[in-house]
Amino acid sequence: MLKLSQISLAILALNFAGAAAFAQGDDKKPIPATASPTSQPRDPLLLPQHNGARNDAEQAYRRGDHKKVIELMSGVLMQNPKDHVALYLRGSSRIDLGAATGESAMVRDGITDARESIAIKQKNNFNYYLPYLKGMTNLSILENKRVHAEVAVNFATQLLLQQTLKGEERSNTLYQRALAYTAIQENAKAIGDYQEAIRITPNHLGARVDLGGALAAAGQNAAAMNAYNDAVKVFPNLPLVYNNRGFFQQSIGKADEAILDFTKALELDPNFLEAIANRGFVQMNKGNYEAAENDFTQSLTLNAAQPSILALRAGSKLLRGDVQGAIADYNEVLKWDSKNSYGHAELGFALYFAGKTQAALDEFDKAAEIDPKLRFLLPWRYLAMLALNQKAQADAKFAADLAIPKDKREWPDQLLIYLGDKQSEPDLRKTVNKDPTVSDAQICEAEFFIGQRKLVAGQKEAAMSHFAAALKSKSTQLSAYRGAKLAVK
Numbered sequence: 000m001l002k003l004s005q006i007s008l009a010i011l012a013l014n015f016a017g018a019a020a021f022a023q024g025d026d027k028k029p030i031p032a033t034a035s036p037t038s039q040p041r042d043p044l045l046l047p048q049h050n051g052a053r054n055d056a057e058q059a060y061r062r063g064d065h066k067k068v069i070e071l072m073s074g075v076l077m078q079n080p081k082d083h084v085a086l087y088l089r090g091s092s093r094i095d096l097g098a099a100t101g102e103s104a105m106v107r108d109g110i111t112d113a114r115e116s117i118a119i120k121q122k123n124n125f126n127y128y129l130p131y132l133k134g135m136t137n138l139s140i141l142e143n144k145r146v147h148a149e150v151a152v153n154f155a156t157q158l159l160l161q162q163t164l165k166g167e168e169r170s171n172t173l174y175q176r177a178l179a180y181t182a183i184q185e186n187a188k189a190i191g192d193y194q195e196a197i198r199i200t201p202n203h204l205g206a207r208v209d210l211g212g213a214l215a216a217a218g219q220n221a222a223a224m225n226a227y228n229d230a231v232k233v234f235p236n237l238p239l240v241y242n243n244r245g246f247f248q249q250s251i252g253k254a255d256e257a258i259l260d261f262t263k264a265l266e267l268d269p270n271f272l273e274a275i276a277n278r279g280f281v282q283m284n285k286g287n288y289e290a291a292e293n294d295f296t297q298s299l300t301l302n303a304a305q306p307s308i309l310a311l312r313a314g315s316k317l318l319r320g321d322v323q324g325a326i327a328d329y330n331e332v333l334k335w336d337s338k339n340s341y342g343h344a345e346l347g348f349a350l351y352f353a354g355k356t357q358a359a360l361d362e363f364d365k366a367a368e369i370d371p372k373l374r375f376l377l378p379w380r381y382l383a384m385l386a387l388n389q390k391a392q393a394d395a396k397f398a399a400d401l402a403i404p405k406d407k408r409e410w411p412d413q414l415l416i417y418l419g420d421k422q423s424e425p426d427l428r429k430t431v432n433k434d435p436t437v438s439d440a441q442i443c444e445a446e447f448f449i450g451q452r453k454l455v456a457g458q459k460e461a462a463m464s465h466f467a468a469a470l471k472s473k474s475t476q477l478s479a480y481r482g483a484k485l486a487v488k
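Everything in the sequence shown is counted per numbering that gives the first Met the number 0, starting at 0 for the first residue and increasing by one.
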């Protein structure tokens, strides 16, 4: 019911939209498109005494140190509000940082900077539109509002109508429009723009990498693999392309090939956190728990501020049977964010599996209080109360949920109603979705909760057969699967 990925990092980390997607050598993070070409006469709006700060900001952007960029350029702008390069760089970093942290207000600030830079530098400013386009696309994603990405599409289309937009500038604009199309799930149009950007600029990093993702999203796996392979051929020394191909390989079930790609990425850059985490994730799914935990621990050694990696390591420990180790890691997760509803839920699962039922119920209740929409916790909360001999209290607490009409029930409701003795085992099984993409997980959960119900009733031998049935599932990241695995040990 609750997958590790729900509280874990988004495994693939590629966020070049708006930065110059045109590769600068083999650097993993390119700087923004050149804002102030040195071959042109000095711009009177750019004060010479700020040249050093602008150069330092560009280098900080290359390193991904967006806070430093914002600090440097804010200082410049306090002295010269008309410095369009400072606005461009600060806007780019605000958008990147806001997108990475999920702060839509920061993205909006970046969009404002981008608009101001465009207004000040009204000629030869195509590159200045890139942060604006990127910002609108990311705002669409963060606020779940299609209209922002549509603005980006329309604006980019107007730019592309201009005959003077050529070469790298044209391919960058096509790339931005492709990202906006992707945000509104118009994959066919996105694919076309990525391909055209590559035709114009064969070593366009963003288009090379994201074309594979767009093709995969469209169900064109063979074409996606070709695109990822092409990216590796064009950028053989860039760790990112191996990481992204590895991510795709694991998504289509090629775990061994994925591990090889992540390992190659780490040969090129031993500190590439995403590749370390990705390899650990695949190792965990393969059942190589110690190898997975070694990767997660290595990642945390490089950067301790990764609660999502702590959560992954905790999940691996659970699957390995180290319940106490998992509990310790989940507690560390909550030190980073005590209001993390999924963190409380995961800690609750681990506590339940450790036999600490009251503590588990407390965590489930905290998670539900923080986010009442977490309906997948309903059967777990009821089950914990059953195990504490609190059936009457549970029936009263969840009376409204137990009374939901048949035609209004979702899967968590079906499990809850079964636990409440309102429907039989056969009736519960009849409610399993016939769609094979979800039936495996639901069968696993059904068998687990049937087993738990019998365990609470003292029917241990009968319960074990249901836990064994749950373990036939391929949904190894489910809490029900983990619980069944621990129960049969």
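The beta-carbon is built from N, C-alpha and C at its ideal position, and this holds for glycine as well.
Determine the burial state of residue i: buried for a count of at least 16 other Cβ atoms within 10 Å of its Cβ, exposed for fewer.
i, result
"residue 181", "buried"
"residue 481", "buried"
"residue 22", "Annotation note: pLDDT 31 at residue 22 (below 50); position unreliable, no value reported."
"residue 38", "Bear in mind that a pLDDT of 43 at residue 38, under 50, signals an unreliable position, so the number given afterwards is only what the model happens to contain. Exposed, because fewer than 16 other Cβ atoms sit within 10 Å of the Cβ of residue 38."
"residue 456", "exposed"
"residue 136", "buried"
"residue 208", "buried"
"residue 26", "Since pLDDT at residue 26 reaches only 37, below the 50 mark, its modelled position is unreliable, and the value read off the structure follows with that caveat. Answer is exposed; the Cβ neighbour count stays below 16."
"residue 489", "There is simply no residue 489 to check, as the chain begins at 0 and stops at 488 in what is shown."
"residue 160", "exposed"
"residue 112", "buried"
"residue 24", "Confidence at residue 24 is low in this model, with a pLDDT of 32, below 50, so its placement is unreliable and the value that follows should be read with caution. By the 10 Å Cβ count, residue 24 comes out exposed."
"residue 391", "exposed"
"residue 66", "exposed"
"residue 130", "buried"
"residue 433", "exposed"
"residue 398", "exposed"
"residue 240", "buried"
"residue 339", "buried"
Rank the options by C-alpha distance to the C-alpha of residue i and give the top, closest one.
i, options, result
"residue 186", "173, 160, 478, 216", "216"
"residue 114", "96, 102, 134, 101", "134"
"residue 242", "233, 226, 223, 263", "263"
"residue 406", "430, 441, 305, 396", "430"
"residue 258", "415, 275, 433, 268", "275"
"residue 426", "434, 442, 437", "442"
"residue 501", "192, 388, 360, 283", "One cannot answer for residue 501 here, as it falls past the ends of the chain, which runs 0 to 488."
"residue 325", "288, 148, 90", "288"
"residue 97", "77, 128, 138", "138"
"residue 116", "342, 105, 91", "91"
"residue 252", "220, 64, 62", "220"
"residue 272", "285, 284, 255, 304", "304"
"residue 462", "306, 488, 236", "488"
"residue 183", "277, 175, 149", "149"
"residue 444", "74, 377, 404", "377"
"residue 47", "109, 73, 61, 79", "79"
"residue 224", "246, 53, 176", "246"
"residue 218", "363, 190, 235, 320", "190"
"residue 298", "244, 365, 265", "265"
Short check: CB of residue i to CB of residue j, under 8 Å?
i, j, result
"residue 296", "residue 312", "yes"
"residue 330", "residue 346", "yes"
"residue 374", "residue 411", "yes"
"residue 248", "residue 260", "yes"
"residue 415", "residue 400", "yes"
"residue 179", "residue 213", "no"
"residue 356", "residue 383", "yes"
"residue 322", "residue 353", "yes"
"residue 194", "residue 210", "yes"
"residue 158", "residue 128", "yes"
"residue 477", "residue 440", "yes"
"residue 62", "residue 73", "no"
"residue 93", "residue 106", "yes"
"residue 283", "residue 315", "yes"
"residue 344", "residue 350", "no"
"residue 310", "residue 332", "yes"
"residue 254", "residue 281", "yes"
Does residue i come out as helix, strand or coil in the three-state DSSP assignment?
i, result
"residue 105", "helix"
- Counting pairs of Cβ atoms below 8 Å between the segment 198 to 205 and the segment 167 to 177, do you hit three or more? Because the criterion of three Cβ pairs below 8 Å is met, the segment 198 to 205 and the segment 167 to 177 touch.
- Task: Taking 8 Å as the threshold, find out whether the segment 440 to 451 comes into contact with the segment 467 to 480 through three or more Cβ pairs.
- Result: yes
- Stretch pair the segment 143 to 152 + the segment 85 to 101: three plus CB contacts closer than 8 Å: no
- Are the segment 79 to 94 and the segment 114 to 133 touching, with three or more C-beta to C-beta distances below 8 Å? yes
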